[in-house]
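There are 4 protein chains.
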Amino acid sequence: MNIRLGDNQYGKSETHMVRVTKGGPFGSVHEIKDINVSVALSGDFAASHLAGDNSNIVTTDTQKNTIYAFAKDEPIGEIEQFALRLARHFAHDFPTVHRARVSIEEYPWSRVEVGGEPHPHSFIRSGSEKRLAVVTCAGDATWVVAGLSDMVLLKSTGSEFWGYPRDQYTTLPETKDRVLASAVVARWRYSNEKVDWSDAFASTRRVLIEAFAAKHSLALQQTLYVMGEAALTARPEIAEIRLSMQNKHHYVVDLAPFGLDNQNEVFYASDRPYGLIEGTVIRDDDPADAAW
Amino acid sequence: MNIRLGDNQYGKSETHMVRVTKGGPFGSVHEIKDINVSVALSGDFAASHLAGDNSNIVTTDTQKNTIYAFAKDEPIGEIEQFALRLARHFAHDFPTVHRARVSIEEYPWSRVEVGGEPHPHSFIRSGSEKRLAVVTCAGDATWVVAGLSDMVLLKSTGSEFWGYPRDQYTTLPETKDRVLASAVVARWRYSNEKVDWSDAFASTRRVLIEAFAAKHSLALQQTLYVMGEAALTARPEIAEIRLSMQNKHHYVVDLAPFGLDNQNEVFYASDRPYGLIEGTVIRDDDPADAAW
Amino acid sequence: MNIRLGDNQYGKSETHMVRVTKGGPFGSVHEIKDINVSVALSGDFAASHLAGDNSNIVTTDTQKNTIYAFAKDEPIGEIEQFALRLARHFAHDFPTVHRARVSIEEYPWSRVEVGGEPHPHSFIRSGSEKRLAVVTCAGDATWVVAGLSDMVLLKSTGSEFWGYPRDQYTTLPETKDRVLASAVVARWRYSNEKVDWSDAFASTRRVLIEAFAAKHSLALQQTLYVMGEAALTARPEIAEIRLSMQNKHHYVVDLAPFGLDNQNEVFYASDRPYGLIEGTVIRDDDPADAAW
Amino acid sequence: MNIRLGDNQYGKSETHMVRVTKGGPFGSVHEIKDINVSVALSGDFAASHLAGDNSNIVTTDTQKNTIYAFAKDEPIGEIEQFALRLARHFAHDFPTVHRARVSIEEYPWSRVEVGGEPHPHSFIRSGSEKRLAVVTCAGDATWVVAGLSDMVLLKSTGSEFWGYPRDQYTTLPETKDRVLASAVVARWRYSNEKVDWSDAFASTRRVLIEAFAAKHSLALQQTLYVMGEAALTARPEIAEIRLSMQNKHHYVVDLAPFGLDNQNEVFYASDRPYGLIEGTVIRDDDPADAAW
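In structure tokens, the structure reads:
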């Protein structure tokens with residue numbers, strides 16, 4: 031059997047850039063955007079693999095420079111917009127590139143207040159949660175995925191888990207009351223580009239959080255589905271959402287040896303192992319796997 | 031020359047616990063506290079080192095159990111209070127323990143809102159910043175250190191750096207305008223225990239942030255001193271503050287090759303190397319090294 | 031448009047287990063195996079998502095217990111074998127499970143020598159490289175993927191990079207001599223199970239390293255392909271190999287300002303950004319995407 | 031009470047550098063050294079803190095350049111030697127610097143073999159263990175500390191733990207047979223500089239490992255002391271050794287519910303909490319705290 035080159039892609043990953051935008055009188059009021067940009071290209075790159083012929087290879091260093099130059103050329107805008115500009119450039123301006131995917135993580139910052147007034151150029155990192163955008167361009171087709179990662183939610187009650195099958199390896203007691211904590215990665219695909227990116231992101235995030243909080247949970251799977259369904263219900267421009275939820279186990283500490291009755295008050299927060307629940311909630315249309 | 035045992039200590043590190051407190055009608059309104067507790071004891075432990083005789087060794091497993099039990103026994107309160115209770119227990123209830131140090135990291139959570147209303151038992155991790163407390167008890171003496179870590183601040187202007195000596199290895203151009211970004215660890219020692227721990231923490235944190243923002247900086251050293259001075263000025267109960275500030279370099283990207291003029295707008299956020307500026311601001315009294 | 035549940039899976043991730051096997055006279059000669067096992071199941075789980083009905087949900091706690099019990103029941107053997115046992119159990123013994131995937135990372139340990147003699151029960155962690163196995167069972171079909179991660183290779187010469195297209199954002203100078211360093215993840219799919227897992231792993235690893243070293247490189251893409259081709263040539267039981275190679279940039283430090291001539295001797299090892307080169311080398315047969 | 035500046039220091043941290051040395055015919059046989067260098071200076075820096083006057087501040091950028099230039103100027107040699115050169119430069123060539131501390135981590139690499147022969151310029155990262163050197167210069171005084179970190183050792187038997195006091199919070203059962211695993215940081219101070227750095231490091235490391243392995247342990251404290259004592263006995267040039275040993279708990283999994291008898295064969299490897307045992311073994315002379 032012959033050996034051949036299969037699927038392949040390459041690009042520059044994690045170009046970490048801060049963009050300062052200056053407005054107000056004399057440019058004295060600043061905004062900052064702190065983003066981490068990764069590019070992946072696929073196309074006619076067989077010659078590089080097979081013969082070390084790089085005549086089709088847009089170097090990853092050039093990709094990095096392009097990110098910086100584009101950030102200066104025009105306002106970045108929302109990360110979906112910046113990813114669109116970059117992905118279209120790579121997919122459309124280089125004939126040997128058949129598909130470009132641009133992924134952006136945005137790190138959150140808040141403006142500092144001094145004496146109760148917003149400071150014109152001082153900021154503080156506000157959380158470990160990241161906003162995500164992934165744009166894929168292939169010829170005339172474009173897919174926009176938005177999302178978030180490192181969002182950690184916890185309910186101290188309102189979660190049950192029972193009714194599961196028992197085999198010879200099952201020891202878990204059923205419970206009508208447990209802590210439910212989850213580190214959430216959510217990514218959703220928009221059906222088109224006529225979207226208010228900022229508003230859609232903020233409202234989808236809020237809807238996910240509210241659904242997690244409000245749903246009396248019988249399973250993390252149920253909570254996941256309710257969250258996804260709420261997002262699709264709230265935002266008609268979302269075609270599909272993929273949720274990956276770590277079940278961060280909080281074990282009730284047995285305090286009986288110390289004569290204490292632990293009524294779901296003191297928990298050991300375990301690191302490993304953890305449950306991992308992944309699911310898609312989607313409208314009845316094409317799944318568009320090329321977007322992911 | 032004889033070989034002998036020198037300084038030594040041991041303990042359980044990183045007991046990660048979530049404590050749920052239930053108030054309101056039928057206990058339906060919950061509060062959570064998410065803390066990571068480390069204990070270090072020193073004392074008469076030579077027999078364990080020299081002969082494997084553990085008769086003086088309060089096991090680290092017992093330390094862990096004690097943390098859990100104390101969390102149930104009484105309200106945790108502020109982390110300084112919980113550290114005080116634990117440190118006193120270990121230092122006073124075991125004659126062979128001469129010094130106990132209890133260090134607590136607290137992870138921040140916010141209550142979730144649903145439909146604009148605070149939810150009774152749902153929470154979201156709010157940031158990567160951690161609140162710290164370190165209490166040391168040795169006989170009748172007690173030292174309380176509070177602090178924070180992983181606070182990241184950035185000024186997009188209002189920072190200069192010039193006037194430094196130049197030798198044959200100096201290439202850095204002087205600047206009247208740069209980005210100043212810093213990951214801050216701040217720890218401060220209280221002169222006594224008559225402190226409103228919550229208020230003192232919140233106001234010290236706010237004062238540090240405001241000083242960073244408001245000070246037109248000629249050096250990160252200057253900013254550090256101003257922050258420390260502001261904390262001591264604002265809070266008379268603070269005897270000393272130690273600040274460790276990473277200078278997170280943001281390099282102006284050279285866009286001239288692309289015909290673009292980068293007026294401190296596009297920055298490369300570098301990971302390594304970084305500057306590390308450490309300093310103490312202290313009142314004219316005893317340094318109390320035993321506290322740290 | 032209706033909203034519905036799409037693809038989903040769940041399982042217990044990162045059950046970190048050490049298995050001690052005792053042989054020799056009186057069981058005094060020990061072997062250890064240090065593995066991290068993750069399980070993902072897909073199947074008839076809609077009721078859990080839609081109604082919180084867990085009657086089809088093999089709990090992740092049960093999965094964890096099963097891993098431990100299987101580790102005791104029979105020798106673990108190579109990680110491919112242990113993953114096969116577990117994946118078959120979950121896929122075949124539970125009618126509602128349609129596909130089970132078991133992923134194992136193995137951490138390497140070496141036996142300690144004392145006075146030049148191998149010690150019967152003392153070990154030292156030997157490296158950050160991990161051995162991987164991923165087994166997927168779906169009905170009668172089974173796929174076995176082996177691999178490694180966190181392998182870091184470096185050539186201090188024997189690497190060129192030139193002949194790439196230049197656009198307005200290209201500033202990278204061409205080079206006939208550079209450092210080539212890469213963090214490698216390699217995963218390969220076996221065409222069947224009649225494999226000597228241990229020997230196949232060791233020889234594939236060796237072939238990958240030798241190809242990286244021996245190939246005079248004109249592009250990391252070329253090096254990647256040569257590595258994959260070498261693996262498939264050496265081991266006929268490998269149907270396909272997927273390589274993900276970080277290009278860890280080492281920049282020649284400009285020492286001219288100090289009157290020094292840096293002939294590729296002093297390098298700054300950069301963390302971010304980095305190139306990421308991914309490619310598949312495959313025989314002319316079915317790609318078997320279900321295996322990954 | 032007056033507020034004043036207390037102890038302070040600053041410097042460039044984590045300059046990560048790879049140095050290639052070319053020998054053999056036509057410079058075709060390469061050696062590499064992969065090191066991470068951190069500098070901390072203390073001295074007359076009050077003006078910078080109090081007034082932003084940087085006339086005494088050797089910039090951290092200059093420190094970085096100096097590291098690179100020194101690496102080219104002369105062979106690096108062992109990391110103790112390179113740290114000595116750098117620390118003396120900063121402490122002696124700048125009158126305002128009163129103390130310079132240079133800390134180096136070295137990452138291990140092995141030469142790759144191709145067809146059984148050592149390859150002239152290809153290398154593989156060999157482990158996560160790091161070699162350490164810390165040199166402190168203050169006027170005429172110099173202290174050299176060597177060490178290692180991230181060394182993980184495990185004994186699958188030959189470890190007991192019993193005879194400890196029991197209070198109302200003690201539940202731990204005594205054991206005559208447990209797994210003892212530890213992540214070790216060891217740092218030792220040489221009494222002078224007439225040391226074969228490479229040989230002293232290698233033999234100290236070996237002695238530490240052998241002592242861990244050979245000692246039948248009644249407490250990790252006892253193992254720690256034996257390790258330190260063995261190092262001082264073997265190497266008269268070592269004045270003092272400080273060991274920090276994480277007790278990485280491996281819990282015997284209870285398999286009784288599955289009808290299986292777990293004779294210390296299947297262990298759950300826990301991440302947190304962990305014991306932390308720290309101790310010093312020292313000759314009867316000055317402790318030289320300034321070295322650390």
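Residue numbers (this note's numbering), protein chains in the order written: chain A, 31 to 322; chain B, 31 to 322; chain C, 31 to 322; chain D, 31 to 322. C-beta: ideal position from N, C-alpha, C; glycine also.
Partners in chain A for residue i, counting only beta-carbon separations shorter than 7 Å
{"i": "Trp186/B", "result": "The question names Trp, but residue 186/B in the sequence shown is Ser. Near Ser186/B (Cβ distances below 7 Å), the residues of chain A are Val50, His60, Ile62 and His151."}
Chain C contact residues for residue i, given Cβ-Cβ distances below 8 Å
{"i": "Thr45/A", "result": "Arg302 and Pro303"}
{"i": "Pro203/B", "result": "By Cβ distance, chain C contributes nothing, its closest Cβ being about 12 Å from Pro203/B, past 8 Å."}
Continuous beta strand (DSSP E) stretch holding residue i: start and end
{"i": "Ile87/B", "result": "Ile87/B -> no beta strand (DSSP E), and no H or E assigned at all."}
{"i": "Gln276/D", "result": "Ile268 to Asn277"}
{"i": "Glu308/A", "result": "Tyr304 to Arg313"}
{"i": "Asp37/C", "result": "Ile33 to Ser43"}
{"i": "Ser212/A", "result": "Leu210 to Tyr220"}
{"i": "Tyr281/C", "result": "His280 to Val282"}
Under 8 Å from the C-beta of residue i: neighbouring residues of chain B
{"i": "Asp103/A", "result": "Leu290"}
Amino acids of chain A, ordered along the chain, whose beta-carbon sits closer than 8 Å to that of residue i
{"i": "Lys94/C", "result": "Pro303"}
{"i": "Phe75/C", "result": "Gln251"}
{"i": "His122/C", "result": "The contacting residues do not exist; His122/C stays about 13 Å from chain A at best."}
Opening and closing residue of the alpha helix (DSSP H) in which residue i lies
{"i": "Ala264/C", "result": "Leu250 to Ala264"}
{"i": "Glu135/C", "result": "Looking at the DSSP string, Glu135/C is not in any alpha helix (DSSP H); the run it does join, the beta strand (DSSP E), is Val127 to Tyr137."}
{"i": "Arg115/C", "result": "Ile109 to Asp123"}
{"i": "Glu240/D", "result": "Trp227 to Ala244"}
Partner residues on chain C for residue i, Cβ-Cβ distance less than 9 Å
{"i": "Asn32/A", "result": "Arg313 and Asp314"}
{"i": "Gln198/B", "result": "Pro287, Phe288 and Gly289"}
{"i": "Thr166/A", "result": "Result: empty, since nearest Cβ-Cβ is about 15 Å, beyond 9 Å."}
Amino acids of chain B, ordered along the chain, whose beta-carbon sits closer than 7 Å to that of residue i
{"i": "Glu308/D", "result": "Asn38, Gln39 and Tyr40"}
Strand pairing of residue i, partner residues [DSSP]
{"i": "Thr205/D", "result": "Phe191/D"}
{"i": "Gly146/D", "result": "In the DSSP output, where bridge partners are listed per residue, Gly146/D has none listed."}
{"i": "Arg49/C", "result": "Lys63/C and Val296/D"}
{"i": "Leu80/B", "result": "Leu80/B is not bridged to any residue."}
{"i": "Ile154/A", "result": "Ser140/A and Leu183/B"}
{"i": "Leu285/C", "result": "Answer is none; Leu285/C lacks a bridge partner."}
{"i": "Leu71/B", "result": "Tyr40/B and Ala130/B"}
Local conformation of residue i per DSSP, three classes
{"i": "Lys102/A", "result": "helix"}
{"i": "Asp170/C", "result": "coil"}
{"i": "Gly54/A", "result": "coil"}
{"i": "Asp180/C", "result": "strand"}
{"i": "Ala318/D", "result": "coil"}
{"i": "Lys224/D", "result": "coil"}
Any non-hydrogen atom of the ligand FAD closer than 6 Å to residue i Cβ
{"i": "Val282/C", "result": "Ligands in the displayed structure: none, and consequently the ligand FAD is not present."}
Per-residue contacts from residue i into chain B (C-beta, under 9 Å)
{"i": "Leu116/D", "result": "Near Leu116/D there are no residues of chain B at all, since even the closest Cβ is about 11 Å away, more than 9 Å."}
Interface residues of chain C facing residue i [CB-CB closer than 7 Å]
{"i": "Gly323/D", "result": "The requested residue 323/D does not occur in the structure, where chain D is confined to residues 31 to 322."}
Can you confirm whether the segment 132-139 of chain B touches the segment 64-71 of chain B when touching is taken to mean that 3 or more C-beta pairs between the two stretches lie within less than 8 Å? Yes: at least three Cβ pairs fall under 8 Å.
Within the chosen definition, does the segment 188-195 of chain D reach the segment 161-170 of chain D through at least 3 CB pairs nearer than 8 Å? The segment 188-195 of chain D, when compared against the segment 161-170 of chain D, does not touch it at the 8 Å Cβ threshold.
Tell me whether the segment 202-214 of chain C and the segment 268-280 of chain C touch, counting them as touching only if at least three CB pairs, one residue from each stretch, are closer than 8 Å. Here the segment 202-214 of chain C lies against the segment 268-280 of chain C, with 3 or more beta-carbon pairs under 8 Å apart.
Counting beta carbon pairs with one atom in the segment 143-163 of chain A and one in the segment 87-94 of chain A, are three or more of them shorter than 8 Å? Between the segment 87-94 of chain A and the segment 143-163 of chain A there are fewer than three C-beta pairs closer than 8 Å, too few to call the two in contact.
Would you call the segment 92-105 of chain C and the segment 281-294 of chain D in contact, with 3 or more CB pairs under 8 Å? The segment 92-105 of chain C is in contact with the segment 281-294 of chain D.
Evaluate contact between the segment 38-51 of chain D and the segment 302-317 of chain C, counting only Cβ atoms and requiring at least three cross-stretch pairs below 8 Å. Result no; under three Cβ-Cβ pairs closer than 8 Å.
Pairing CB atoms from the segment 72-83 of chain B with CB atoms from the segment 143-150 of chain B, are three or more of them under 8 Å? Verdict: no, contact absent.
Within 8 Å, do at least three Cβ pairs link the segment 221-231 of chain B to the segment 105-118 of chain B? A contact exists between the segment 105-118 of chain B and the segment 221-231 of chain B.
Looking at C-beta atoms only, is the number of pairs between the segment 257-272 of chain A and the segment 229-238 of chain A that lie closer than 8 Å three or more? Proximity of the segment 257-272 of chain A to the segment 229-238 of chain A meets the contact definition, three or more beta-carbon pairs being nearer than 8 Å.
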